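Remember, the working numbering sits 9 above the position in the sequence shown when you count from 1.
Reading through the structure tokens given below for one structure.
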Amino acid sequence: MIKHVIFDMDGTLFQTERILALSLEETFQDLRSRALWNGETPLEKYRSIMGVPLPEVWRTLLPNHPEPVREQTDAFFLSQLISNIKSGKGALYPDVEEVFHQLVEEGCSIYIASNGLKEYLHAIIEFYQLDRWVTETCSIQQIDSLNKGELVKQIVDKYGIEDGVVIGDRLSDFKAAKQNGLLSVGCDFDFAREEELAQADVVIDGLGELKTIIPSLRKQPEI
Numbered sequence: 010m011i012k013h014v015i016f017d018m019d020g021t022l023f024q025t026e027r028i029l030a031l032s033l034e035e036t037f038q039d040l041r042s043r044a045l046w047n048g049e050t051p052l053e054k055y056r057s058i059m060g061v062p063l064p065e066v067w068r069t070l071l072p073n074h075p076e077p078v079r080e081q082t083d084a085f086f087l088s089q090l091i092s093n094i095k096s097g098k099g100a101l102y103p104d105v106e107e108v109f110h111q112l113v114e115e116g117c118s119i120y121i122a123s124n125g126l127k128e129y130l131h132a133i134i135e136f137y138q139l140d141r142w143v144t145e146t147c148s149i150q151q152i153d154s155l156n157k158g159e160l161v162k163q164i165v166d167k168y169g170i171e172d173g174v175v176i177g178d179r180l181s182d183f184k185a186a187k188q189n190g191l192l193s194v195g196c197d198f199d200f201a202r203e204e205e206l207a208q209a210d211v212v213i214d215g216l217g218e219l220k221t222i223i224p225s226l227r228k229q230p231e232i
């Protein structure tokens with residue numbers, strides 16, 4: 010049985026959609042109040058790039074704004090996300106706690122590798138007390154290249170992982186698994202795309218499926 014399970018956070022464990030629209034609207038309302046934005050909040054554009062590191066988000070959403078404004082916007086958006094998490098406006102996907110409990114009971118180690126920032130991830134971990142099961146949570150901030158494959162490699166190297174699986178919803182998760190010789194499970198949830206899920210070894214519609222899928226996974230033979 011696979012003994013090391015590396016989860017993505019947004020769109021995999023945490024229903025980011027619950028606080029995304031609210032936090033983004035609050036952020037662009039702040040920009041409007043400072044005469045730095047006209048028009049509607051670009052929510053659909055953000056959804057289309059969901060999962061990329063935040064610096065890339067703001068280069069995409071604010072392509073004509075100077076870098077200091079993007080940095081200020083990033084900080085404000087982060088503060089709103091955290092405030093909304095702590096207010097209980099977010100939610101985990103169904104079965105997260107049940108799956109975590111079973112995995113640990115069966116001798117698995119659980120890790121989180123996310124493109125989210127440290128403070129944001131800490132707010133989720135703390136609010137839902139996920140550190141009851143999670144060995145370590147790693148943020149893309151720990152990697153200068155912002156390459157998720159390197160973030161997963163950091164976990165692989167630190168814990169000597171040879172028989173692991175990466176569970177996520179976007180192409181960066183599946184690429185990270187392949188780059189590190191791990192299996193991948195794609196979550197067909199809110200932000201997932203069919204063409205990206207095609208790169209995963211297994212695709213699920215709900216986390217509860219992991220209770221039977223993880224025990225059946227085996228390390229891929231080396232070629």
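Note that beta-carbon positions come from the ideal geometry of N, C-alpha and C, so glycine has one too.
Treat the numbers as computed from the prediction; the structure is a model and nothing was measured.
Only buried fits ALA186, as 16 or more other CB atoms lie within 10 angstroms of its CB. Rounded to the nearest whole angstrom, the CA to CA distance from GLY190 to ILE28 is 34 Å. Under the 10 Å beta carbon count, THR146 is surrounded by 16 or more other beta carbons and is classified as buried. Straight-line spacing of the CA atoms in SER32 and LEU219 works out to 31 Å.
The alpha-carbon separation between THR25 and GLY169 amounts to approximately 31 Å.
Just measuring C-alpha positions, the residue of THR82, VAL194, LEU22 sitting nearest GLY99 is LEU22.
Assignment of PHE85 by DSSP, reduced to helix, strand and coil, places it in the helix class. Between ILE94 and PHE109, the C-beta gap is not smaller than 8 Å, which leaves the two residues out of contact. Below 8 Å, enough C-beta pairs join the region 158-174 and the region 191-208 to call them touching: three or more. Under the 8 Å Cβ criterion, the region 121-133 counts as touching the region 83-93, having at least three qualifying pairs. Around the Cβ of SER123, a 10 Å sphere holds 16 or more other Cβ atoms; the residue is buried. For GLY158, the enclosing alpha helix (DSSP H) has its first and last residue at 157-168. At a Cβ-Cβ threshold of 8 Å, VAL105 and LEU216 count as neighbours.
Looking at the DSSP output, ILE213 sits in a beta bridge with CYS196. As for any beta strand (DSSP E) of minimum length 3 sitting wholly inside the region 122-150, the runs are 143-148, ordered along the chain. The beta carbon of SER181 is closer than 6 Å to those of LYS157 in its chain, skipping five residues each way along the sequence. THR69 and ILE11 have their C-alpha atoms spaced approximately 38 Å apart. Annotation: the continuous beta strand (DSSP E) that includes VAL14 extends over 13-16. Here ASP140 has ILE134 as same chain residues with Cβ atoms under 6 Å from its own Cβ, once five neighbours each way along the sequence are excluded. For PHE23, DSSP records a beta bridge to ASP19, LEU101.
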